[in-house]
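Participant:
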Amino acid sequence: MSSTSTDAGIVDLPDRVLEVARQDPERAAVIHVGRRGNRVTTYRELSHRAESLALGLREIGVAEGTKCSFMVPPGEDAMVLGIALWRVGAVMVGIEPHSHGLRKVARCLDRVGPEVFFGTPEAHVARRAFGWGRGTVRTDIVVGGPALPRVTTLASLERPWLGDTRPPDVTPDDPAIIAFTTGSTGDPKPTVMTHRNLTAMIDRVSKQWGLADGGEVIDMPTFPMFWIVGMSHGGTVVVPPMNFATKGPGQADPAKLYRTIRDNRVGSMFGSPALLTNLARYCDQQGVKLTSIRRIVAGGAEITGPLYAEVKKVLVDGEIYSNYGATEALPVAEIAGATVLGETWARTEAGEGLCVGDPLSGVEVRIVGIDDGNIPTIDDATALPTGTIGEVIARSPHISDHYYDAPKDMAENKIVDGDTRWHRLGDTGWLDEQGRLWVCGRRSHRVVTADRTYYPLCVEPVINSHADVARSALIGPRSGGDATAAVVVQLEPSARARQATVEAELRDLAKRFDATDGLDRFYFIDQLPVDRRHNAKIDRPALAREAAAGTL
Numbered sequence: 000m001s002s003t004s005t006d007a008g009i010v011d012l013p014d015r016v017l018e019v020a021r022q023d024p025e026r027a028a029v030i031h032v033g034r035r036g037n038r039v040t041t042y043r044e045l046s047h048r049a050e051s052l053a054l055g056l057r058e059i060g061v062a063e064g065t066k067c068s069f070m071v072p073p074g075e076d077a078m079v080l081g082i083a084l085w086r087v088g089a090v091m092v093g094i095e096p097h098s099h100g101l102r103k104v105a106r107c108l109d110r111v112g113p114e115v116f117f118g119t120p121e122a123h124v125a126r127r128a129f130g131w132g133r134g135t136v137r138t139d140i141v142v143g144g145p146a147l148p149r150v151t152t153l154a155s156l157e158r159p160w161l162g163d164t165r166p167p168d169v170t171p172d173d174p175a176i177i178a179f180t181t182g183s184t185g186d187p188k189p190t191v192m193t194h195r196n197l198t199a200m201i202d203r204v205s206k207q208w209g210l211a212d213g214g215e216v217i218d219m220p221t222f223p224m225f226w227i228v229g230m231s232h233g234g235t236v237v238v239p240p241m242n243f244a245t246k247g248p249g250q251a252d253p254a255k256l257y258r259t260i261r262d263n264r265v266g267s268m269f270g271s272p273a274l275l276t277n278l279a280r281y282c283d284q285q286g287v288k289l290t291s292i293r294r295i296v297a298g299g300a301e302i303t304g305p306l307y308a309e310v311k312k313v314l315v316d317g318e319i320y321s322n323y324g325a326t327e328a329l330p331v332a333e334i335a336g337a338t339v340l341g342e343t344w345a346r347t348e349a350g351e352g353l354c355v356g357d358p359l360s361g362v363e364v365r366i367v368g369i370d371d372g373n374i375p376t377i378d379d380a381t382a383l384p385t386g387t388i389g390e391v392i393a394r395s396p397h398i399s400d401h402y403y404d405a406p407k408d409m410a411e412n413k414i415v416d417g418d419t420r421w422h423r424l425g426d427t428g429w430l431d432e433q434g435r436l437w438v439c440g441r442r443s444h445r446v447v448t449a450d451r452t453y454y455p456l457c458v459e460p461v462i463n464s465h466a467d468v469a470r471s472a473l474i475g476p477r478s479g480g481d482a483t484a485a486v487v488v489q490l491e492p493s494a495r496a497r498q499a500t501v502e503a504e505l506r507d508l509a510k511r512f513d514a515t516d517g518l519d520r521f522y523f524i525d526q527l528p529v530d531r532r533h534n535a536k537i538d539r540p541a542l543a544r545e546a547a548a549g550t551l
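Under numbering that gives the first Met the number 0, the first residue of the sequence shown is numbered 0, with each subsequent residue one higher.
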């Protein structure tokens, strides 16, 4: 049975944008910051372009269920295209060449088989060079650039729109987005977000962030697709001054970010730890504050106590929160910086793990026995009591319950429970007496020795509490037989000449806590390797391989 775009469970962003356009047509929808000043797109202009484009898309056969590769950086064109694709019921296939690597993109697209390729001129050049979607793509459309040979431009598809809309013939369980995981802990997985998932996610996040209460929202999301949350409530999206195509968030210019926030009175933003670290330090060095910010949401990797403190130092009347989740389950839990600094960080530095807060409303979280194999059904899982470290699983209407044509990924990451599925987050952790979730690190990154088990987020905060340590990584290099636990340390630049002394101090520090007792092997490195998407997740397996090979 089909449903219209205004029915419960169907992505209704096109209708929400259209409603604002009719009630308050000159309200700012998108602000682009450029060298010659700001360019403002109103809701009237945004909605008109999206509806006009939807007509053109249907003309060329883009309709319900059409899989469309989406390689368009955040901005007006991306928003117009996203709204138009949902208006016709098409499926966005999200993949990031910078995050996944150029050659891995081909394998990802081969798994999904997109029929239409939307991308910048650079993306189209790369598509031809690397054969992305060679066997399935039938239509190429260039976005945000000049015409290319045998490629249609996005602008040329816009048709005269007279005000009528045609709802898509889709159901809540039809796919709205296929998003690939980062692949930082394995091959990227094609995560299916249905209309039901996406509408539930917008609802959960809106309530958590207070957006459902109304009021002006000026948002600067520094992560692709997060614009849909603010815009679903008639907010203004400020496009951050970042190069999403070739540079990670840690390479964004903090001076430009600060000026954009100040000049546009940005009230909320999402950022990775690397981006927020650079922004906070820039503000502190310049003696300036983020006066307009009310909420910063951090995500993408673990957020440390010192980072919470650095960000809060440059806020005037705002707070920093961190979200815990995954591509398949975003978000699962949230915690405020004030709670971390006032209640939990001292326990984290004592080896208890990282508190990521209370599960969001409507999210169920359980801790089950750690299993490196598959867990077919919930009856095959061992429920663990409060306070016991195990594996984190979660379920909620907004959490994706399947991957696209990927039985192996399904078997490894989903647990059947009646007519629902639990998602295995891939993390170890425990629940405290208040119901808060404490995460202890990736299941695959724990180190099991002949004597005991070490957990990354129980070990690393202890080591990082040393004043001369910038970051560290628990690894378990193998040379046949059991793993040997070791820690790779990135020192603060000023401490590198004191390496021998620091190493001795770290051995003494490790003896003080149960989580680190027995650790006595330390490696030192100038810079820890991190993931491409967030510039924050440490590549522990690569470090372990180097240590085992004797090249670390």
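Backbone N, C-alpha and C fix where the C-beta goes; we use that ideal spot for every residue, glycine too.
Using the Cα positions of M241 and T40, report the straight-line distance between them to the nearest angstrom.
Facilitator: 19 Å
Participant: With a threshold of 6 Å on Cβ separation, who are the neighbours of K255 within its own chain once the five nearest residues in sequence on each side are excluded?
Facilitator: P240
Participant: Quick check: what's the CA-CA separation for G324 versus W437?
Facilitator: If you draw a straight line from the Cα of G324 to the Cα of W437, it comes to about 13 Å.
Participant: Can you find the residues in the same chain that come closer than 6 Å, C-beta to C-beta, to N463, ignoring five residues on each side of it along the sequence?
Facilitator: S471
Participant: Measuring CA to CA, which of G372, G88 and L527 is closest to E411?
Facilitator: Residue G372 is the option with its Cα nearest to E411.
Participant: Under 8 Å, do T193 and D172 count as touching if we go by C-beta distance?
Facilitator: yes
Participant: Comparing C-alpha positions only, which one of P406, R21 and H232 sits nearest to D11?
Facilitator: H232
Participant: Does DSSP put K311 in a helix, a strand or coil?
Facilitator: helix
Participant: Are the Cβ atoms of E348 and V461 separated by less than 8 Å?
Facilitator: yes
Participant: Based on the DSSP output, what are the partners of P220 in its beta bridges?
Facilitator: F269.
Participant: Could you pull out every unbroken beta strand (DSSP E) segment of at least 3 residues lying fully inside the region 300 to 379, listed in chain order?
Facilitator: 318 to 325, 328 to 335, 353 to 358 and 363 to 367
Participant: Report the residue from V90, E95 and A27 whose alpha carbon sits nearest the alpha carbon of P73.
Facilitator: E95
Participant: Tell me the DSSP secondary structure of S395 in three-state form.
Facilitator: coil
Participant: Once the 5 residues before and after D416 are set aside, which same chain residues still bring their CB inside 8 Å of it?
Facilitator: The beta carbon of D416 sits closer than 8 Å to those of T376, I377 and R394, all from its chain and outside the five residues before and after it, given in chain order.
Participant: Are V142 and L153 touching if we call contact CB-CB under 8 Å?
Facilitator: The Cβ atoms of V142 and L153 sit closer than 8 Å to each other.
Participant: Is there a Cβ from chain C that is less than 8 Å from the Cβ of M200?
Facilitator: Of the protein chains in the structure, only one exists, and it is not chain C.
Participant: Could you give the uninterrupted runs of the alpha helix (DSSP H) lying entirely in the region 23 to 62, keeping only those of 4 residues or more?
Facilitator: 42 to 58
Participant: Give me the Cα-Cα distance between E351 and C107, rounded to the nearest whole angstrom.
Facilitator: Distance between the alpha carbons of E351 and C107 is about 37 Å.
Participant: Are the beta-carbon atoms of G266 and A297 separated by less than 8 Å?
Facilitator: no
Participant: Does the distance from the CB of V458 to the CB of T515 come in under 8 Å?
Facilitator: yes
Participant: Got a sec, what are the start and stop residues for the beta strand (DSSP E) S471 sits in?
Facilitator: V468 to I474
Participant: Where does G530 land, buried or exposed, given buried means 16+ other C-beta within 10 angstroms?
Facilitator: A small fix is needed here, since residue 530 is Asp in this sequence, not Gly. The residue in question, D530, is buried, as its Cβ has 16 or more Cβ neighbours within 10 Å.
Participant: Helix or strand or just coil, what does DSSP make of W437?
Facilitator: W437 sits in a strand when the DSSP states are folded into three classes.
Participant: Alpha carbon to alpha carbon, what distance is there between A308 and I334?
Facilitator: One C-alpha to the other measures close to 14 Å.
Participant: Please report the straight-line C-alpha distance between R506 and R520, rounded to a whole angstrom.
Facilitator: 8 Å
Participant: CB M200 to CB H444, shorter than 8 Å?
Facilitator: no
Participant: What are the start and end residues of each continuous beta strand (DSSP E) run of 3 or more residues lying completely inside the region 68 to 116, in chain order?
Facilitator: 90 to 93
Participant: From A77, R497 and P13, pick the residue whose C-alpha is nearest to that of V238; which is it?
Facilitator: A77
Participant: Keeping to the same chain, check which residues put their C-beta closer than 7 Å to that of V362; ignore five residues upstream and five downstream.
Facilitator: In the same chain as V362, and ignoring 5 residues on each side of it, the C-beta atoms closer than 7 Å to its own belong to V331, A393 and S395, in chain order.
Participant: So the candidates are A328, T381 and V367; which of them puts its Cα closest to the Cα of L359?
Facilitator: A328
Participant: Buried or exposed for S46, going by 16 or more other Cβ atoms inside 10 Å?
Facilitator: buried
Participant: DSSP three-state label for S4, please.
Facilitator: Confidence at S4 is low in this model, with a pLDDT of 37, below 50, so the placement of that residue is unreliable and no value is reported for it.
Participant: Buried or exposed: which applies to R15, given that a residue is buried once 16 or more other Cβ atoms fall within 10 Å of its Cβ?
Facilitator: buried
Participant: Are L80 and F117 closer than 8 Å when you measure CB to CB?
Facilitator: yes
Participant: Along the beta strand (DSSP E) that carries M230, what are the first and last residues, could you check?
Facilitator: Not the beta strand (DSSP E): M230 falls in the alpha helix (DSSP H), residues W226 to M230.
Participant: Quick check on DSSP: helix, strand or coil for V124?
Facilitator: helix
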